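J.: For the sequence shown, counting from 1, position 914 maps to 910 in the working numbering; every step adds exactly one.
The structure follows.
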Amino acid sequence: MREPKQGARCVQMSLLLGVAFCSLMPAGMAMAQTAKTPSDAPAPADDDKAEANTIVVTGSRIATAVITAQPITRVTGEDIGKRGFTNLGMALLDQPAFGVPGNGPVGGQGSFSAGQTFANLYDLGSQRTLTLVNGNRFVSPASGSIFGPVAGSPVDLSQIAPGLVDRIEVVSVGGAPIYGSDAIAGTVNVILKKNYQGLAINASQGISGHGDAQDSNVSLLAGKNFADGRGNITVSVYYDRQVGLTNADRSSLIGGTSPFSGTATAGKSYTHQLYYGGKNYNTFTNTGIPAFADDVPIYAGQAYAGITNAAGQVLYFNNSGQLTPFTNGQLTGSGLYQAGGSGFAIANYDNFLADTQRIQGTLLGHYDFTDHIHFSGEFWLGRNFGTNLAAQPYYNTALFAAAGETNGNLALSTANPYLSAADRQTIISNLAANGMPTDTFYLARANTDLATGSFRTRTDLVRVVGGLNGDFGVGERKFDWDVTVNYGRSTSTTTSRELVTQNFYNALNAVTNSSGQIACAPGYANASYPTLSSTCAPLDIFGYGNASQQAINYVTAIAQTHQVNTQLDVQADVKGDLIKLPGGYAKGVVGYEYRRESSAFDPGAFYAGELQADGSRVQYGNTIPITPVGGKFHTNEVFGELNAPIISPDNDIPFISSLDINAAVRYVNHSLTGGFTSYTAGGTYAPVKGLTIRGNFTRSFRSPAITELFAPTGSVFDTANDPCDARYINAGNNPAARKANCAAAGITQPFTSNVVDYTAKGTSGGNPNLQNETANSWTLGAVLQPHVLRGLELSVDYINIDIGNEIATLSLTDLMSACYDSSSSSPFCKTFTRDSTGQVTSFEEGNYNIGQEAFRALQGNLKYNLPLERLGLPTSAGVLDLNVNYLHTFRHYYRVGSGDLQQVVGASRNPANTFTATANYTRKSFNWMVQGIYYGSSKVDPNVDPSAYQYPTVHSYVTFNTSLGVDVSKNVNFRFIVNNVFNRGLPFPYSIFSESSYEARYYDAIMGRYFRVNASVKF
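The structure is reproduced here in structure tokens:
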């Protein structure tokens, strides 16, 4: 590599074009280290002393001191490798500051987004965390549908090869005046390796202690300097194959036999009781429960409309299709489900770990045309496959619709030839005994053998970044200029196998033909949407897995959606010395940015539904008609930044070792939401060397996403925590108002709301009148670097974020809470309807600038580097590194309108206290890492009075990981990694971890002990 003449200034320009054209730091060196002038280069002049000790960090376009006004945490590529992470999103989730992402590899995958992974800083939402790569924006693959996981433009971290990462810098709060929209929580900047020279091949294999969840990956990184060090080209190829798991694979923890918190039985002093044996719906099974009337066959453990035997026992079909007595589990306070028993084990039918396959190629390059003009570029290609292995199936039950309608009970002939003679007679006898016609009976069933809910998303990425930069002088002043063009296109296709209702009904109408064969009854008409086979084949619906392949092909079809997102970003700036202050030159930046983004979601013919004469659409299968979404916007943005070193240590002023102030402003003219000015101001003050006090205030914003603006109104299904239900009547910040408003609505207690346990149908859509979200945020902290304890750095920062005008996609729970928790009549009471019995029959969700969110936390970091020779040992004894990241959240809540405050902190997905402590011991060719992760105790539900729960508190949790690396030779390294060394399981009372948001947080506890072997060869 050619040594730069002025190393610090070279680093100053390195991040602004995406790929550095020179560097003073070897790959993998932590950014916390100070850049040093090469020993063979001339020492800087006195005027350049401050510059020689500065570097570019995320959150500024000016080379600044290592201690910045805003707190910055870092994760190095070396740290990621030692933990064996194959997905950067999971690496961030190990850090206390990050909440469960809007979508990730763990848990149920967002519709049309399987396998995509987003960042979620402070759990303020993935759409409020700005993610950059080398300081540049990165195109998002997020679905534009209202059914997608995130309404915004989050970056898919799974599209970035871990081996290509030098470090990840996370700036709390700041970023909006520097980078624009979306940086409300902060900015994540993934910084890639640069000037790589050589060839590295890495391969690893992982497997859990259960013998499943195998992961195999291989990567290649090759780089070459040329033209006497003026240029470099680096190529990265990465392949990873992760075998997925369903909840059923961890049934005792999150699946159908795991404990759950359900409605307590009568006579209990609490509302929610801990049950063992799994939450099983007794109103249907995946083998079928027959009924004599169009109703639920069992309720509260008693025969209701079910077919019974002579002893009065409700009968259901076993796997082979024969009627057998239904076994009740432990009764609960809900008549719809029991703990255990023969009912449908609903928790088994969800995804725990996405099945993924990823291949990515990245080309990085730079070339110095002269000492003053430089080129850099990136080229990205990627194809990721992600599969959601299981989800809830196509149901047939009276809970959703009347018989004959989609999802209603199946109406079947008693002459169905798949019935045995004995079972037919039992059904007919029951029909007659209950005064019903004896030719038709009803069947409640979850059709898991016909439609698993599985779907697969393929995401293709193309991204190109190119730029020129350089420098020039004006007298004694130095200036740098940059121009960068960044274009990205992400295309996603989601494919699933769906049950087509019309063909399903045709195949169920089985008869015996004149040849004595079972066939479809004549006179049927196929659905207009083509299934895998157009030839009707009779379907044996009794039992499980008894349908022929011909019948399955006739009743199922392939559905496919298509998503295209594009991003064009052009930036230009000039930066340099302004005026000379006592502490050095004040430096400034002025620049311009143009950004254009578009999003188009096509649901495909199946999901769009069949077009009717009146312009409406009717669903073909289980999914209500989904509407296309499309839109685009552009911005014109101007920005400026100032960094003023008022006093430096060279000024020798008592009680002021150094004093720096900085400020930045950005004006954004958005084609849809108009103008907005974002700004920040802050500084650092060191009363003595080794102690720095820092603070910052930032005004930031988030522009509404295309989905939030343009999504057409469409049908949705939703459950809700009905405030008038006996389980929630005493919750909220104003229980008295809640009780009074529910009583005024004609609801008497105790009341059981069906919408708590199964969905109601409503509508949702975009709002073209949305405005920007806004946030006022500030930080105040200190950094201690005591000289008496070399290698120690301790930082503590208080973080305060207030978001107003927040775009809330109001759920049915939000609408109902806003209605009943107000002290007076609320307009939200008109957004849903109830029938004469108080049950919710319809609702209207949507997007509104009506939310408020507040976050208060103390963030701490301790780093200590200790060469053991300081303890009197020989130099060969090695080095010990300690790194501790801690987060204590004082307060985190959101509010919709004047509704109830919803506490976020204190739930198990967001415990108030978390920390990650990592110790590394390195000696010659040996490295040993030990890591502990701690989650403090929390509440099952911080928004409900603890007296409502039998066990309201979730115990604290700690797990340990370790990694052992050995250099077999100069070029060969082996590493053995064990996650969850002591195989720690979920903390008591276990009852909340079947939800995706908790599964991701407690992933290691659910997965169990996991082993990985890694081998790398470098030349």
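Ideal Cβ placement from N, Cα and C applies to all residues, glycine included.
Source: prediction; values computed, not measured.
Per DSSP, what are the beta-bridge partners of A321 in this structure?
T.: On the sequence shown, position 325 is the one that residue 321 refers to. Note that residue 321 is Pro in the sequence shown here, rather than Ala. Per DSSP, L311.
J.: In angstroms with no decimal places, state the Cα-to-Cα distance between G339 and G627.
T.: Within the sequence shown, numbered from 1, the residue matching residue 339 stands at position 343. Within the sequence shown, numbered from 1, the residue matching residue 627 stands at position 631. Near 45 Å, if we compare the C-alpha coordinates of G627 and G339.
J.: What do you get for Q238, buried or exposed, if any count of 16 or more other CB atoms within 10 angstroms of its CB means buried?
T.: Numbered from its first residue, the sequence shown carries residue 238 at position 242. Label assigned to Q238: buried.
J.: From Q767 to Y844, what distance separates their C-alpha atoms?
T.: On the sequence shown, position 771 is the one that residue 767 refers to. On the sequence shown, position 848 is the one that residue 844 refers to. Cα to Cα, Q767 sits roughly 9 Å from Y844.
J.: In the DSSP assignment, what are the bridge partners of S838?
T.: Reading the sequence shown from its first residue, position 842 is the one you call residue 838. DSSP output for S838 lists T829 as bridge partner(s).
J.: Since E704 and G762 are thought to touch, with beta carbons under 8 Å apart, how far apart are those beta carbons, to the nearest angstrom?
T.: In the sequence shown, residue 704 corresponds to position 708, counting from 1. In the sequence shown, residue 762 corresponds to position 766, counting from 1. Correct: roughly 6 Å between the Cβ atoms.
J.: Counting pairs of beta carbons, one from the stretch 61 to 72 and one from the stretch 157 to 169, are three or more of them closer than 8 Å?
T.: Yes, they touch.
J.: Sorry if obvious, but does the Cβ on D793 come closer than 7 Å to a heavy atom of the ligand ATP?
T.: The model depicted lacks the ligand ATP and carries no ligand whatsoever.
J.: At what residue ranges does the stretch 161 to 215 contain a whole run of the alpha helix (DSSP H), taking only runs of 4 or more?
T.: Within the stretch 161 to 215, the complete alpha helix (DSSP H) runs of at least 4 residues are 172 to 175.
J.: What is the DSSP secondary structure of R473, reduced to helix, strand or coil?
T.: Taking the sequence shown and counting its residues from 1, the one referred to as residue 473 is at position 477. In this structure, R473 counts as strand in the three-state DSSP scheme.
J.: Start and end of the alpha helix (DSSP H) containing E704?
T.: In the sequence shown, residue 704 corresponds to position 708, counting from 1. Note, E704: alpha helix (DSSP H), I702 to F706.
J.: Would you mind giving the Cβ-Cβ distance between S699 and T676, rounded to the nearest angstrom? I have them listed as a contact below 8 Å.
T.: Position 703 of the sequence shown holds residue 699. Position 680 of the sequence shown holds residue 676. Between T676 and S699 the Cβ distance is about 18 Å, and since that is not below 8 Å, they are no contact.
J.: Report the residue ranges of all beta strand (DSSP E) runs contained in full by the stretch 62 to 135; include only those spanning at least 3 residues, in chain order.
T.: Fully enclosed beta strand (DSSP E) runs of 3 or longer: 68 to 72 and 125 to 129.
J.: Pick out the complete alpha helix (DSSP H) segments inside the stretch 518 to 579, 4 residues or longer, and give them in chain order.
T.: If we require 4 residues or more, the alpha helix (DSSP H) runs fully inside the stretch 518 to 579 come out as 545 to 551.
J.: Which residues in the same chain as T949 place their Cβ atom closer than 7 Å to its Cβ, once the five residues preceding and following it in sequence are excluded?
T.: In the sequence shown, the residue the question calls residue 949 occupies position 953. Result list for T949: S933 and K935, in chain order.
J.: Give me, in chain order, the residues of the same chain whose beta-carbon lies closer than 6 Å to that of I973; leave out the 5 immediate sequence neighbours on both sides.
T.: The residue given as residue 973 occupies position 977 in the sequence shown. The residues are G80, S959 and R1008.
J.: When the Cβ atoms of the stretch 250 to 261 are set against those of the stretch 190 to 197, are three or more pairs found closer than 8 Å?
T.: Result no; under three Cβ-Cβ pairs closer than 8 Å.
J.: Can you list, in chain order, the residues of its chain whose CB lies under 6 Å from that of Q513, leaving out five sequence neighbours each side?
T.: The residue given as residue 513 occupies position 517 in the sequence shown. So no residue of the chain qualifies.
J.: In or out: Y999 buried (at least 16 other Cβ within 10 Å) or exposed?
T.: Here residue 999 refers to the residue found at position 1003 when the sequence shown is read from its first residue. By the 10 Å Cβ count, Y999 comes out buried.
J.: Which class does M432 belong to by DSSP, given the choice of helix, strand or coil?
T.: Here residue 432 corresponds to residue number 436 of the sequence shown, with the count starting at 1. Three-state DSSP puts M432 in coil, outside helix and strand.
J.: Let's test the definition: count the other Cβ atoms within 10 Å of the Cβ of P22 and tell me whether it reaches 16, buried, or not, exposed.
T.: By one-based count along the sequence shown, residue 22 stands at place 26. Here the model assigns P22 a pLDDT of 29, short of 50, so the residue's position is not dependable and the matter cannot be decided.
J.: Of all the beta strand (DSSP E) runs that stay within the bounds of the stretch 677 to 733, which reach a length of 3 or more residues?
T.: Qualifying beta strand (DSSP E) stretches, in chain order: 687 to 698 and 710 to 714.
J.: Closest to Y931 by CA distance: which of L883, P150 and R662 is it?
T.: Position 935 of the sequence shown, counting from 1, holds the residue named residue 931. Out of L883, P150 and R662, L883 has the C-alpha closest to the C-alpha of Y931.
J.: Please identify the residue among Q927, T54 and F94 whose C-alpha is closest to the C-alpha of T64.
T.: Translated into positions along the sequence shown, residue 64 becomes position 68. Ranking Q927, T54 and F94 by Cα distance to T64 puts T54 first.
J.: By the 10 Å Cβ neighbour count, where 16 or more other Cβ atoms means buried, how is E472 classified, buried or exposed?
T.: In the sequence shown, residue 472 corresponds to position 476, counting from 1. Exposed, because fewer than 16 other Cβ atoms sit within 10 Å of the Cβ of E472.
J.: In angstroms, rounded to a whole number, what distance separates the CA positions of A399 and A260?
T.: Here residue 399 refers to the residue found at position 403 when the sequence shown is read from its first residue. Here residue 260 refers to the residue found at position 264 when the sequence shown is read from its first residue. Spanning the two alpha carbons is a distance of roughly 31 Å.
J.: According to DSSP, is S510 helix, strand or coil?
T.: The residue labelled residue 510 in the question sits at position 514 within the sequence shown. Residue state, collapsed to three classes: coil.
J.: Can you tell me which of I554, M86, P92 and G182 puts its alpha carbon nearest to the alpha carbon of N692?
T.: Here the question's residue 692 lines up with position 696 in the sequence shown. The shortest C-alpha separation from N692 is found at G182.
J.: Would you check if the stretch 391 to 409 and the stretch 519 to 526 touch, i.e. whether three or more CB-CB distances between them fall below 8 Å?
T.: Touching, no, given that fewer than three Cβ pairs across the two stretches are closer than 8 Å.
J.: Looking at N221 and S154, is the spacing between their C-beta atoms short of 8 Å?
T.: Position 158 of the sequence shown holds residue 154. Position 225 of the sequence shown holds residue 221. Contact flag unset, no.
J.: Please go through the same chain and pick out, in chain order, the residues whose beta-carbon is closer than 7 Å to the beta-carbon of N717, but skip the five residues on each side of it.
T.: In the sequence shown, the residue the question calls residue 717 occupies position 721. Closer than 7 Å at Cβ, skipping near neighbours: Y724, V752 and T809.
J.: In angstroms, rounded to a whole number, what distance separates the CA positions of S965 and L117?
T.: What you label residue 965 is simply residue 969 of the sequence shown in a count that begins at 1. What you label residue 117 is simply residue 121 of the sequence shown in a count that begins at 1. Roughly 40 Å separates the two Cα atoms.
J.: Helix, strand or coil, according to DSSP, for A778 in the structure here?
T.: The residue labelled residue 778 in the question sits at position 782 within the sequence shown. Residue state, collapsed to three classes: strand.
J.: Does the count of Cβ pairs from the stretch 317 to 334 and the stretch 368 to 378 closer than 8 Å reach three?
T.: At 8 Å Cβ cutoff, the stretches do not touch.
J.: Helix, strand or coil: how does DSSP classify A394 here?
T.: As a working mapping, residue 394 is identified with position 398 in the sequence shown. If DSSP states are grouped into helix, strand and coil, A394 belongs with coil.
J.: Write down the C-beta distance between E593 and S177 rounded to the nearest angstrom, noting that I regard them as a contact closer than 8 Å.
T.: Translated into the one-based positions of the sequence shown, residue 593 becomes position 597. Translated into the one-based positions of the sequence shown, residue 177 becomes position 181. No, E593 and S177 are not in contact; Cβ-Cβ is about 10 Å, not under 8 Å.
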